[in-house]
Each structure stands twice: as C-alpha cells, then as structure tokens.
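Q:
Protein chains: 2
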Amino acid sequence: MSFSYALAFAAGAVQARLDSAMAGLADVPVVHAMRYAAHGGKRLRGFLVLESARLHGLDPVQVVSAAAAVEALHAYSLIHDDLPCMDDDDLRRGLPTVHVKWDQATAVLAGDALQTLAFELLCDPVLGGAEVRLALVASLARASGAEGMVLGQALDIAAEQATVPLTLAEITHLQAGKTGALIRWSAEAGAVLAGADPAAMGRYATALGLAFQIADDILDVTGDAAKAGKRLGKDAAAGKATFVSLLGLDGARARAGALVAEAEAALTPYGAGAETLIEAARFVIAREH
Amino acid sequence: MSFSYALAFAAGAVQARLDSAMAGLADVPVVHAMRYAAHGGKRLRGFLVLESARLHGLDPVQVVSAAAAVEALHAYSLIHDDLPCMDDDDLRRGLPTVHVKWDQATAVLAGDALQTLAFELLCDPVLGGAEVRLALVASLARASGAEGMVLGQALDIAAEQATVPLTLAEITHLQAGKTGALIRWSAEAGAVLAGADPAAMGRYATALGLAFQIADDILDVTGDAAKAGKRLGKDAAAGKATFVSLLGLDGARARAGALVAEAEAALTPYGAGAETLIEAARFVIAREH
Numbered sequence: 001m002s003f004s005y006a007l008a009f010a011a012g013a014v015q016a017r018l019d020s021a022m023a024g025l026a027d028v029p030v031v032h033a034m035r036y037a038a039h040g041g042k043r044l045r046g047f048l049v050l051e052s053a054r055l056h057g058l059d060p061v062q063v064v065s066a067a068a069a070v071e072a073l074h075a076y077s078l079i080h081d082d083l084p085c086m087d088d089d090d091l092r093r094g095l096p097t098v099h100v101k102w103d104q105a106t107a108v109l110a111g112d113a114l115q116t117l118a119f120e121l122l123c124d125p126v127l128g129g130a131e132v133r134l135a136l137v138a139s140l141a142r143a144s145g146a147e148g149m150v151l152g153q154a155l156d157i158a159a160e161q162a163t164v165p166l167t168l169a170e171i172t173h174l175q176a177g178k179t180g181a182l183i184r185w186s187a188e189a190g191a192v193l194a195g196a197d198p199a200a201m202g203r204y205a206t207a208l209g210l211a212f213q214i215a216d217d218i219l220d221v222t223g224d225a226a227k228a229g230k231r232l233g234k235d236a237a238a239g240k241a242t243f244v245s246l247l248g249l250d251g252a253r254a255r256a257g258a259l260v261a262e263a264e265a266a267l268t269p270y271g272a273g274a275e276t277l278i279e280a281a282r283f284v285i286a287r288e289h
Numbered sequence: 001m002s003f004s005y006a007l008a009f010a011a012g013a014v015q016a017r018l019d020s021a022m023a024g025l026a027d028v029p030v031v032h033a034m035r036y037a038a039h040g041g042k043r044l045r046g047f048l049v050l051e052s053a054r055l056h057g058l059d060p061v062q063v064v065s066a067a068a069a070v071e072a073l074h075a076y077s078l079i080h081d082d083l084p085c086m087d088d089d090d091l092r093r094g095l096p097t098v099h100v101k102w103d104q105a106t107a108v109l110a111g112d113a114l115q116t117l118a119f120e121l122l123c124d125p126v127l128g129g130a131e132v133r134l135a136l137v138a139s140l141a142r143a144s145g146a147e148g149m150v151l152g153q154a155l156d157i158a159a160e161q162a163t164v165p166l167t168l169a170e171i172t173h174l175q176a177g178k179t180g181a182l183i184r185w186s187a188e189a190g191a192v193l194a195g196a197d198p199a200a201m202g203r204y205a206t207a208l209g210l211a212f213q214i215a216d217d218i219l220d221v222t223g224d225a226a227k228a229g230k231r232l233g234k235d236a237a238a239g240k241a242t243f244v245s246l247l248g249l250d251g252a253r254a255r256a257g258a259l260v261a262e263a264e265a266a267l268t269p270y271g272a273g274a275e276t277l278i279e280a281a282r283f284v285i286a287r288e289h
C-alpha cells in the first residue's frame, strides 16, 4: 500500500469515526466548533495508529477509534494553542481558527470537550479487551498531560518570554513533549493493541517526531503560507530559537535527513512490511505544509 | 461516621492522592498552577465517591484514586470557568484565580493537564479490574464532555447572551449538565466499583445535584462573600435567570427542601448505612459557602 493511499485511507476512516462519535451531540455552537476543528488536517497521527496496527497483524478498520482518539486530542491542542493568550493564530488549515469564527469561550470549551472525546473513543469495545484499552488510556494521558504535550507547550511559552534563547538540547526536550509524545503514542498504539513490544515503534517515532518538528521549523522559514494554510515566519519575527536558528538551514536539513535514516533503521526488524511507514518518514521532511 | 468527619476524611485522602499524582512533575509554572488549583475546596464530589464506595462494602482507601480523579476534573472546570472569556472571576476559595495569579495561557494549560490527570488517575490498578476502571473512564468522559458538563457550560454562556431569560425547565436541563453530571458520576462510582446497580445512587445524586445548584443560587443572593470566598450577586447583576429569580427566594428554598427529601427517599434501600449521605444532602442546602 503506498503512503499517499494509506494516508488518504486513514483520513477518511478517522473522519467517519469522529463524525459518528459526534453525531448525537446537541445542536449548539460548542459542538459545531468541535466538528469544525476536528475536520481535515493531514491525519498523520491517525495514519500512524492504523499503519502500526497493520504492521502488527491487526485489521486497521478495528483500530479506527484509537486513530480518531489521537486526532481528537490533537485537534483540542490546536484550538487551545491558537488562542490569543497562547500563540494567537487566526488561521489554521487555511480557515479562521475557532476563537475567530466563534469566540474564545467556545474555543476553550470545544477544546475541552475534544480532549474528553479522545478518552471516550479509547473505551470503544471494538478496540479489544479492557486491559489493552486501559493501557491506551493511561499512555495517552501520560503523552498528552503535564509530562508530555502540555509540558512541551508550557516550556514553549516560557521560552517566548525568556531573555536567553533555548539551547539545542532544550529545544529537543521541548519538542519531544510538544509534538513528539503524541506521534510516539500513535506509532506505539498498534503494537500495544496487538500485545506486541512497542520498543522498535517507539524508536521509529522518536526520530520521526523530531524530524517532523525540524521540518516545521524549515517550513516556517522557506514555506508558502498559502500552501501551509497558516501564518509563517512567526518564530523568526519573534526572535525565537528554532532548529534553523541553531543549526542553520543546511544543518537543519542534514539533521532531519539523519533522523529519517534513524527512523528507517528502527523498522529493520519489520522487513518489507514497514515500507509505508518508511515512506511516511520521508514525506515528513519533504512536505510543503 | 458523621458527615463532617467523612467530609474531612475525604478532603485529606483526596489531597494526599492528588499530591502524590503530581509529585513527579516538572518544576514549571503550569505544574505549580495545577497544584494551586487542585488544593482545597469542599471535596463534596470526592466525598460522594468514598461514601458511595463504603455503602457498597468497599474500603474507601481503595477508591481514593477515583475520588481524586473527579476532584481533578472539577478543578480543571473551575480554572477554565474563571477565565476572562468565560465567567471572568478573579477570586476562588478566597484566593486569586489561576489566570490572575499566573496568566491566561498558564490557566488554559493547567486546566487541560488536570483534565488529563483525571483520566490517568482512573487507570490506577488499586481501583480494581480493567473492566471496572474502563467503565469509570467512559462514564466520566460522558459526564464531563459535550453531553454533560461542557454542554451545561455552553448552555450557560448562551443564556448570558440571550435576550429571553431561560425557563425553569431550561435551567434545570442546563444545571443537570453543568453541575449535576459530575455529582451523579461521583455518587454512582462506588456502586460501579463494587459491581452493584447504580440506579438508586443515580436518583439520589440527581436530586442532590439540583438541590446543590438551587442552594448556590440562593447563596448568590443571600450569602456572605467573605465566607463564600468568591464574588456574589453576579447573576442578579447580569439579569440572569436563576432558580431564585424564577421561583422567588421562598419558592427556591421549598424546592431545595423537597429535593433533599427526594434524595433521602432514594437511599431507603440502603437503610441506616446511608445516614452520612443523607446528612450530606441536608448540608448541601444548609451550607454558607
């Protein structure tokens, strides 16, 4: 299965699951905002869940609720990140952000409810026995809370207010939480659902997540805002340390390339079946948005 | 066991569990804000978890993680409710609210992470088998998300902006989500953990939750801001419909009294063992904060 087909498959399956999960909700602005924010995007995290499940012998259709869960969680984080008190972004995926289209209160609440929905989706019996679903709940909580994503976010905000720019080690630590933890959870989820050792997937995803963030920093400098669907050049304008400011453009590209090679190497035990995940790693640093 | 002793016991046990759950977190403002917001309060929801567990033959000490979970969730909801874009409150439990003491970004993130912590606490193996813990995760998600607490919050915000005041039926529906759902989850949790039918506890808690909110509306008019530790008279000043504005002060008191009688009646099957929960219902309408 080619990466582009697998990504499109994941996007369709995740969207259908999110739609059905939100179908019975009340007809109120906060629910409209939830649907709006949970619509579209690359669905890279959902793809990783489905593809890692396939690699471990599971039918991707059976694990869609886990893919939808991580995408609901990602959507919540974007709504809150975009708030005026956080990154203050008015454009996301080429559309007005939730607090612009509705208001800040609706944005806070829609994000809150999407986080809740993520944990609810992991309770779906189709995913397997209670033990494995609970393991996913626990690991998603660790990946997204004050030890993972939220910690990364908090460190990022602190960095913006600091007078001394971050070092490479500090930015790597920050990004391991901010974007790395959810990417890693996604790649490990298939192994966890199959009762397999997630260590190799974890190594793959750690390299992938960092490559993803370096690529983001490169795009922030070289990218096309129309293709990206969001404002670019913000980090440089804010004088913020990034992988590009610390390594230079060529250095950042070389580091991202090395990380993709690391990600590929981690998948060696899986043989030819891992080709789609390897393509995904190459895509992450070649993408234009 | 007297109610006041049981409430103090619950407060101590919940605080200890929350402290231990947050002990290993990074030394950053968002974590300090989490601890600050998760400190103190009546711990009524935590008490309901512990007491309903005791009533169903469980050792309260074994279910403290579930009590801590609902208090973490409640703390998150208060941080976000207090934000300038929501209720815009600067005082809570007699202290500055999180966005006043830190800033709005820290308040959003601390609330986000406390919600995550709530679900993480429900994964604690001490609570029992995976099936029962997962049942609590699923029911807490339903109680707190866009079908429960967040829906109530969203309806409350919509009501503030509406030109026509809410009817009694509409306010009752709103409050069933905003405060009722978590109170009900708390009272049912003990039965769920014991593998018992939670129906009677559900009836008790539905009446209790509504009585609690009517008492809040009464306190907003008659209360002492120093004892309450927050601003009062806000609803009347905003011309918002409340149980008091719709039923009058005497009518609201009579309705709250009738609900407490309903709550007591629901506990009849439990006999004398339910005395502490009956005392709790009486406390809810007699309290001064």
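Quick note, the sequences are listed as chains F and P, same order. Under the UniProt record's numbering, read the first sequence as residues 1 to 289, first letter to last. Under the UniProt record's numbering, read the second sequence as residues 1 to 289, first letter to last. Backbone N, C-alpha and C fix where the C-beta goes; we use that ideal spot for every residue, glycine too.
1) For the putative contact between L127 of chain F and S52 of chain F, defined by C-beta atoms under 8 Å, what is the C-beta separation to the nearest angstrom?
2) Quick one: which chain P residues come within Cβ less than 7 Å of S144 of chain F?
3) By the 10 Å Cβ neighbour count, where 16 or more other Cβ atoms means buried, how is Y76 of chain F classified, buried or exposed?
4) List, in order along the chain, the chain P residues whose C-beta lies closer than 9 Å to that of R133 of chain F?
5) Taking the alpha carbon of K234 of chain P as the reference point, which residue from P:L247, P:D217 and P:T276 has its own alpha carbon closest?
6) Does any residue of chain F bring its CB to less than 7 Å from the CB of A113 of chain P?
7) Should M201 of chain P be labelled buried (16 or more other beta-carbon atoms within 10 Å of its own) or exposed?
8) Answer yes or no: the CB of D220 of chain F versus the heavy atoms of the ligand NAP, is any distance below 6 Å?
9) Taking the Cβ atom as the reference point for each residue, do A130 of chain F and L134 of chain P lie within a distance shorter than 7 Å?
10) To which residues does DSSP link R255 of chain F through a beta bridge?
11) If you run the structure through DSSP and keep just helix, strand and coil, what is L122 of chain P?
12) Kindly say whether E279 of chain P, judged by its beta-carbon, lies nearer than 7 Å to any beta-carbon of chain F.
13) Just to confirm my understanding: we take E288 of chain F, look at its own chain, exclude 5 residues before and 5 after, and list those with CB closer than 8 Å. What are they?
14) If the cut is a Cβ gap below 7 Å, which residues of chain P does E147 of chain F touch?
15) Would you call H99 of chain F buried or exposed, if buried means 16 or more other Cβ atoms sit within 10 Å of its Cβ?
16) Tell me, which residues are paired with L95 of chain P by DSSP?
17) According to a CB-to-CB cut-off of less than 7 Å, which residues of the segment 76–89 of chain F neighbour chain P?
18) Any C-beta of chain F within less than 9 Å: which residues of the segment 19–43 of chain P qualify?
19) DSSP three-state label for residue 330 of chain F, please.
20) Let's see if you can read the secondary structure: which residues bound the alpha helix (DSSP H) around M201 of chain P?
21) Please report how far the alpha carbon of A199 of chain P lies from the alpha carbon of A266 of chain F, in whole angstroms.
22) Is F243 of chain F closer than 7 Å to F3 of chain F when the C-beta atoms are compared?
23) Could you check the C-alpha separation between G24 of chain F and M1 of chain P for me, to the nearest Å?
24) Which one of F:G239, F:V14 and F:G195 has the shortest CA to CA distance from R45 of chain F?
25) Is there a Cβ from chain F that is less than 7 Å from the Cβ of V64 of chain P?
26) Let's test the definition: count the other Cβ atoms within 10 Å of the Cβ of A6 of chain F and tell me whether it reaches 16, buried, or not, exposed.
27) Under a Cβ-count criterion, where at least 16 other Cβ atoms within 10 Å of its own Cβ denotes burial, should D82 of chain F be classed as buried or exposed?
28) Can you tell which of F:G239, F:G248, F:D197 and F:A194 has its C-alpha closest to the C-alpha of A215 of chain F?
29) Rounding to the nearest angstrom, what Cα-Cα distance links L246 of chain F and A254 of chain F in this structure?
30) Please classify A162 of chain P as buried or exposed, where buried requires at least 16 neighbouring CB atoms within 10 angstroms.
31) Less than 7 Å between C-beta atoms, sequence neighbours within five positions excluded: which residues of the same chain meet that for P29 of chain P?
32) What are the uninterrupted segments assigned as beta strand (DSSP E) that are 3 or more residues long and contained completely in the segment 114–164 of chain P, given in chain order?
33) Between H80 of chain F and the rest of its own chain, which residues show a CB-CB distance below 6 Å, the 5 nearest in sequence each way excluded?
34) Nearest by alpha-carbon distance to G148 of chain P: which of P:L73, P:G190 and P:D59 is it?
35) Counting only Cβ pairs nearer than 7 Å, list the residues of chain F close to I157 of chain P.
36) Which residue spans inside the segment 39–96 of chain F form an unbroken alpha helix (DSSP H) run of at least 4?
A: The short version:
1) Locating residue 127 of chain F in the first sequence gives position 127, counting from the first residue. Locating residue 52 of chain F in the first sequence gives position 52, counting from the first residue. Their Cβ separation, rounded to whole angstroms, is 14 Å, which puts L127 of chain F and S52 of chain F out of contact at 8 Å.
2) Within the first sequence, the letter at position 144 stands for residue 144 of chain F. Result: T116.
3) Numbered from 1 along the first sequence, position 76 holds the residue referred to as residue 76 of chain F. Counting Cβ neighbours within 10 Å, Y76 of chain F comes out buried, since at least 16 surround it.
4) Translated into the one-based positions of the first sequence, residue 133 of chain F becomes position 133. Those within 9 Å of R133 of chain F in chain P are A130, L134 and V137.
5) One-based indexing of the second sequence puts residue 234 of chain P at position 234. Closest option to K234 of chain P, Cα to Cα, is P:D217.
6) Within the second sequence, numbered from 1, the residue matching residue 113 of chain P stands at position 113. Taking Cβ atoms only, chain F reaches closer than 7 Å to A113 of chain P, which makes this a yes.
7) Taking the first residue of the second sequence as 1, we reach residue 201 of chain P at position 201. Label assigned to M201 of chain P: buried.
8) Ligands in the displayed structure: none, and consequently the ligand NAP is not present.
9) Position 130 of the first sequence, counting from 1, holds the residue named residue 130 of chain F. Position 134 of the second sequence, counting from 1, holds the residue named residue 134 of chain P. Contact flag set, yes.
10) Here residue 255 of chain F refers to the residue found at position 255 when the first sequence is read from its first residue. For R255 of chain F, DSSP records no beta bridge to any residue.
11) For the purposes of this step, residue 122 of chain P is taken as residue 122 along the second sequence, with counting starting at 1. The answer is coil: DSSP assigns L122 of chain P none of H, G, I, E or B.
12) Here the question's residue 279 of chain P lines up with position 279 in the second sequence. For E279 of chain P, the answer is no, since every Cβ of chain F falls outside 7 Å of its Cβ.
13) The residue you call residue 288 of chain F lines up with position 288 of the first sequence. Cβ neighbours of E288 of chain F beyond the five flanking positions: L219, G223, D224, K227 and A228.
14) On the first sequence, residue 147 of chain F is found 147 positions in, with the first residue counted as 1. Chain P residues near E147 of chain F: L25.
15) Within the first sequence, residue 99 of chain F is the residue found at index 99, counting from 1. Within 10 angstroms of the beta-carbon of H99 of chain F lie 16 or more other beta-carbons, which makes it buried.
16) On the second sequence, residue 95 of chain P is found 95 positions in, with the first residue counted as 1. Residue pairing by DSSP places L95 of chain P opposite P:R92 in a beta bridge.
17) The segment 76–89 of chain F vs chain P, Cβ under 7 Å: H80, L83, C85 and M86.
18) Residues M22, G24, L25, A26, V28, P29, V30, V31 and M34.
19) In the structure as shown, chain F starts at 1 and stops at 289, and residue 330 of chain F therefore has no counterpart that could be examined.
20) Against the second sequence, residue 201 of chain P aligns to sequence position 201. Annotation for M201 of chain P: the continuous alpha helix (DSSP H) segment containing it runs A199 to T222.
21) Against the second sequence, residue 199 of chain P aligns to sequence position 199. Against the first sequence, residue 266 of chain F aligns to sequence position 266. If I take the Cα positions, the gap works out to 51 Å.
22) Taking the first sequence and counting its residues from 1, the one referred to as residue 3 of chain F is at position 3. Taking the first sequence and counting its residues from 1, the one referred to as residue 243 of chain F is at position 243. By the CB criterion at 7 Å, F3 of chain F and F243 of chain F fall outside the cutoff.
23) What you label residue 24 of chain F is simply residue 24 of the first sequence in a count that begins at 1. What you label residue 1 of chain P is simply residue 1 of the second sequence in a count that begins at 1. For G24 of chain F and M1 of chain P, the distance between alpha carbons rounds to 43 Å.
24) The residue given as residue 45 of chain F occupies position 45 in the first sequence. Proximity to R45 of chain F across F:G239, F:V14 and F:G195 peaks at F:V14, based on C-alpha coordinates.
25) Translated into the one-based positions of the second sequence, residue 64 of chain P becomes position 64. At a cut-off of 7 Å between C-beta atoms, V64 of chain P does not count as an interface residue with respect to chain F.
26) The residue labelled residue 6 of chain F in the question sits at position 6 within the first sequence. It counts as buried.
27) Residue 82 of chain F sits at position 82 when you count from the first residue of the first sequence. Label assigned to D82 of chain F: buried.
28) Numbered from 1 along the first sequence, position 215 holds the residue referred to as residue 215 of chain F. Cα-wise, what sits closest to A215 of chain F is F:G248.
29) Translated into the one-based positions of the first sequence, residue 246 of chain F becomes position 246. Translated into the one-based positions of the first sequence, residue 254 of chain F becomes position 254. Whole-angstrom Cα-Cα distance: 13 Å.
30) Counting from one through the second sequence, the residue named residue 162 of chain P turns up at place 162. By the 10 Å Cβ count, A162 of chain P comes out exposed.
31) Start at 1 with the first residue of the second sequence, and residue 29 of chain P comes out as number 29. Excluding the 5 residues flanking it on each side, P29 of chain P has same chain C-beta neighbours closer than 7 Å at W102 and T106, in chain order.
32) Segments of the beta strand (DSSP E) lying fully in the segment 114–164 of chain P: there are none.
33) As a working note, residue 80 of chain F is residue 80 in the first sequence. Only residues of its own chain outside the window of five on either side were considered, and among them G111 have a CB closer than 6 Å to the CB of H80 of chain F, listed in chain order.
34) For the purposes of this step, residue 148 of chain P is taken as residue 148 along the second sequence, with counting starting at 1. For G148 of chain P, the nearest C-alpha among the options comes from P:L73.
35) As a first step, residue 157 of chain P is located in the second sequence; it is residue number 157 there, counting from the start. Ordered by position in chain F, the residues that pass the 7 Å Cβ test against I157 of chain P are A105.
36) Unbroken alpha helix (DSSP H) runs of no fewer than 4 residues, entirely contained in the segment 39–96 of chain F, are found at 44–55 and 64–82, following chain order.
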